[in-house]
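Read in the numbering used here, the sequence shown has 112 at position 116, and its numbers run on one by one without any break.
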Amino acid sequence: MKDTKKTSLPSELITEENEGTYLHLDRRREWRLELPLQVLVKGTQPNGQPFEEITVLENISSTGAYFGLDAVLTIGTPLELVIDLPPKLTEGQKIQLQLQGRVVRLEKRENKDKAQGIALHFEEEYQFVTSD
């Protein structure tokens, strides 16, 4: 039987190109959006050194995200993500999405611009922050 579960995403997000990024839905346990947005990742490396690194989000769902990083991390490391949403998606408002979670999977990446792939599981609900 075909999966007929519907998403609550606005239809324009599913079909529209947004500033050179294309949204793609991938059905696993949760809907995943392949939305290559710039993201600021903040955390602490195993040696106690805090870091901030800018990278590109590869996908996001209601429960987690995947992206590449050069920072050396371990499973269980808490991270904070800060994503500036494109004005086209926010009707021109400046909105940041702030997320917190823990690393649940690390993948060594060959021939990619970042050394490892990071799978992050969110620990809290998304927080939208406006600058108004």
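Glycine included, each C-beta is placed from N, C-alpha and C at the ideal position.
query: Beta-carbon proximity check, lysine 110 vs aspartate 80, cutoff 7 Å; result: no
query: Under 7 Å between C-beta atoms of valine 37 and leucine 75; result: yes
query: Inside the region 89 to 118 only - beta strand (DSSP E) runs reaching at least 3 residues; result: 91 to 104 and 112 to 118
query: Three-pair Cβ contact test at 8 Å for the region 80 to 91 versus the region 52 to 72; result: no
query: Lysine 38 - partner residues in DSSP beta bridges; result: Glu48 and Glu76
query: Selected residue, minimal CA-CA separation from glycine 44, among Ile56, Pro32, Arg28 and Leu69; result: Leu69
query: Contacting residues, own chain, Cβ-Cβ under 8 Å from glutamine 96 (five flanking each side not counted); result: Pro74, Leu75, Glu76, Leu77, Phe118, Glu119 and Glu120
query: Which residues DSSP lists as bridging leucine 31, in chain order; result: In DSSP, leucine 31 forms no bridge with anything.
query: For leucine 85, the three-state DSSP class (helix, strand or coil); result: helix
query: Of the listed residues Leu102, Thr126 and Glu30, nearest to serine 58 (C-alpha basis); result: Glu30
query: Straight-line gap, histidine 20 to isoleucine 56 (C-alpha atoms, nearest Å); result: Low confidence applies to histidine 20: its pLDDT is 41, below 50, so where it sits in the model is not reliable enough to give any reading.
query: Collapsed DSSP secondary structure at tyrosine 62 in the structure displayed; result: strand
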